[in-house]
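Engineer: Here it is, the structure, as structure tokens.
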Amino acid sequence: MPNPTRFSRRDFLRGAASASLALGSVSASAGDPPRVRRYARLGRTGLEVSDISFGSSRLSGDESLVQRALERGVNYFDTAESYTRGQSEETLGRALVGHRESVFLASKVQCQERTPRAELMERLESSLKRLRTDRIEIYFNHAVNDPARLQNSEWGEFTIRAKEQGKIRFTGMSGHGGLLVPCLDYAIDHDLVDVVLVGYNFGQDPSFLQKFTETFDFVARQPELPRVLAKAKQKDVGVVAMKTLMGGRLNDLRPFEAGGATYAQAAFRWTLASPHVDALIVSMKSLPMIDEYLGGSGWEPPSAADAELLRRYHAVNSTSQCRQGCGECHAACPHGVEVGEVLRARMYAHDQGDLALGQTDYAALGAGAAACTACDGSPCASACGYGLDIAPLTRDAHRLLSGERTERG
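When you read off a place in the sequence shown, starting at 1, and then add 236, the result is the number in the numbering used here.
The structure is reproduced here in structure tokens:
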């Protein structure tokens, strides 16, 4: 097998075209409207949710997106108080008027190590008001990356009271950081969650990479994740996957995605074929995107064409795709640059075309990667176990997201 890290862009696109044609033979028949074709039981909750569901992290006023998803059979809508500064919840609230009894809502709040229960209840009430509802089916402790946050007894007391009052039905934990596994272990072992929402994609699974990209020299980002997700299933904890597109850089394949089969659908099919996952959520940012994504609902397990398409995507994008949550490089920077967060902001702007979101996330980092513009890059030159050349990427992020001109590269 040729070394996949040496694929040219032309080779990649040629392969993607043939893979897309092969995938097209197993997609929905031409003329059939793309829609949800499978509903999955979400663990002990008993909720039957659409296998591909609506993520609203970018939702801000466009109710037609929610309405299209409803028309196509989506019944699970995921949001958070922090998404688009509350506009996500507000938009869902308006769009779901008249449909509330036929859908399930999930929202999130960050409960820190010392957050009091009274504050949590106030924030829940604010979410309920924005969502125009009296209850939320699943309420997540959001973006957990420290077991200490789960040890806050105020969260448990708050959820008991909120359940008694009928304001939430089930509790969960979301996360995709470097300490995801110990956080999941703690939450599951202490019976703190009914559902977990986790970052999970083909690009971080050792079995996928070993089978289809034997010549890669890689370090698995979350080698223990399959184990802890299997434990969740054993305890009947529902598992929802996010971050399934490995950065979501669709532009490399878009000119060749035809016939009803796309890179995104192949990535979704890999995730949904996992015995550890019940359903997935994905940000749906346009009407065509909703139709494309739902074209992957209800498919059978991945085919050889899927694997080839995913392998080629990984081969091209792995040299610029930061595995957020890895954290291997952080100790190498003498200036304390939060490399993973900087490159996450770059991903939103550069790979996904959302410059505004990238700039917003980058601004929240303070100095960001400003120090990289005056650094020769030697401290982090070999700090990435995946082989990323960090300094040019962080400099590019600073140039792109701060508006300043870098001194180097």
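All residues carry an ideal CB built from backbone N, CA and C; glycine is no exception.
Hey, residue 517 and residue 318: beta-carbon distance below 9 Å or not?
Structural biologist: No, the pair does not count as a contact, with Cβ atoms beyond the cut-off.
Engineer: Can you list, in chain order, the residues of its chain with a C-beta nearer than 8 Å to that of residue 372? Leave out the 5 residues immediately preceding and following it.
Structural biologist: Once the five neighbours on either side are set aside, the close Cβ partners of residue 372 are 341, 342, 343, 360, 363, 364, 403, 404, 405.
Engineer: From residue 338 to residue 409, what distance separates their C-alpha atoms?
Structural biologist: Going by the C-alpha atoms only, they are around 24 Å apart.
Engineer: From the DSSP output, in three-state form, read off residue 641 for me.
Structural biologist: Low confidence applies here, because residue 641 scores a pLDDT of 42, under 50, leaving its location unreliable and the question unanswered by this model.
Engineer: Among 437, 350, 461, 367, whose alpha-carbon lies nearest the alpha-carbon of residue 500?
Structural biologist: With distances taken between Cα atoms, residue 500 lies closest to 437.
Engineer: Ignoring anything shorter than 4 residues, give me the alpha helix (DSSP H) runs that lie fully in the region 327 to 377, in order along the chain.
Structural biologist: Listed in chain order, they are 353 to 367.
Engineer: From 477, 384, 331, 285, pick the residue whose C-alpha is nearest to that of residue 309; which is it?
Structural biologist: The shortest Cα separation from residue 309 among 477, 384, 331, 285 belongs to 285.
Engineer: On a CA-only basis, which of 632, 575, 322, 605 is nearest residue 620? Give me that one, please.
Structural biologist: Among 632, 575, 322, 605, the Cα nearest to that of residue 620 is on 575.
Engineer: Taking only the alpha-carbon atoms, compute the straight-line gap between residue 461 and residue 514 and give it to the nearest angstrom.
Structural biologist: Distance between the alpha carbons of residue 461 and residue 514 is about 15 Å.
Engineer: Which residues bound the beta strand (DSSP E) around residue 410?
Structural biologist: 404 to 411 is the extent of the beta strand (DSSP E) around residue 410.
Engineer: Please say whether residue 353 and residue 325 have beta carbons closer to each other than 9 Å?
Structural biologist: Cβ distance not < 9 Å, so residue 325 and residue 353 don't count as in contact.
Engineer: Hey, which unbroken runs of the alpha helix (DSSP H) at 4 residues or more fall wholly within the region 455 to 481?
Structural biologist: List check, alpha helix (DSSP H) in window: 461 to 470.
Engineer: Grab me the residues of residue 446's own chain with a C-beta within less than 7 Å of its C-beta, minus the 5 sequence neighbours each way, in chain order.
Structural biologist: For residue 446, the predicted structure reports a pLDDT of 46, less than 50, and the residue's modelled location is therefore unreliable. A value from the coordinates is still provided. Within the same chain, residue 446 has no close Cβ partners at all.
Engineer: Pick from 414, 583, 602: whose alpha carbon is nearest that of residue 632?
Structural biologist: Closest by alpha carbon: 583.
Engineer: Just to confirm the assignment, what range does the alpha helix (DSSP H) spanning residue 300 have?
Structural biologist: Note, residue 300: alpha helix (DSSP H), 299 to 307.
Engineer: In three-state terms, what does DSSP make of residue 612?
Structural biologist: Note: residue 612 maps to coil in three-state DSSP.
Engineer: Pull up the distance between the alpha-carbon of residue 313 and that of residue 607, whole angstroms please.
Structural biologist: Those two C-alpha atoms are separated by around 40 Å.
Engineer: Decide if residue 292 is buried, meaning its Cβ has at least 16 other Cβ atoms within 10 Å, or exposed.
Structural biologist: Label assigned to residue 292: buried.
Engineer: Between the alpha carbons of residue 357 and residue 368, how many angstroms are there, rounded?
Structural biologist: If I take the Cα positions, the gap works out to 16 Å.
Engineer: Look at residue 615 and residue 568 and say whether their C-beta atoms are less than 9 Å apart.
Structural biologist: Yes, Cβ-Cβ distance for residue 615 and residue 568 is below 9 Å.
Engineer: In terms of residues, what are the limits of the alpha helix (DSSP H) holding residue 275?
Structural biologist: Where residue 275 is concerned, there is no enclosing alpha helix (DSSP H), although the beta strand (DSSP E) it sits in stretches over 275 to 277.
Engineer: Within 10 Å of its beta-carbon, does residue 276 have 16 or more other beta-carbons around it, so buried, or fewer, so exposed?
Structural biologist: Burial call: buried.
Engineer: Using three-state DSSP, classify residue 390 as helix, strand or coil.
Structural biologist: Correct three-state label for residue 390: helix.
Engineer: Where residue 508 and residue 424 are concerned, what is the direct C-alpha to C-alpha distance, given to the nearest angstrom?
Structural biologist: Using only the alpha carbons, I get a separation of about 22 Å.
Engineer: Using only alpha-carbon positions, find the residue among 533, 400, 347, 549 that is nearest to residue 380.
Structural biologist: Answer by Cα proximity: 347.
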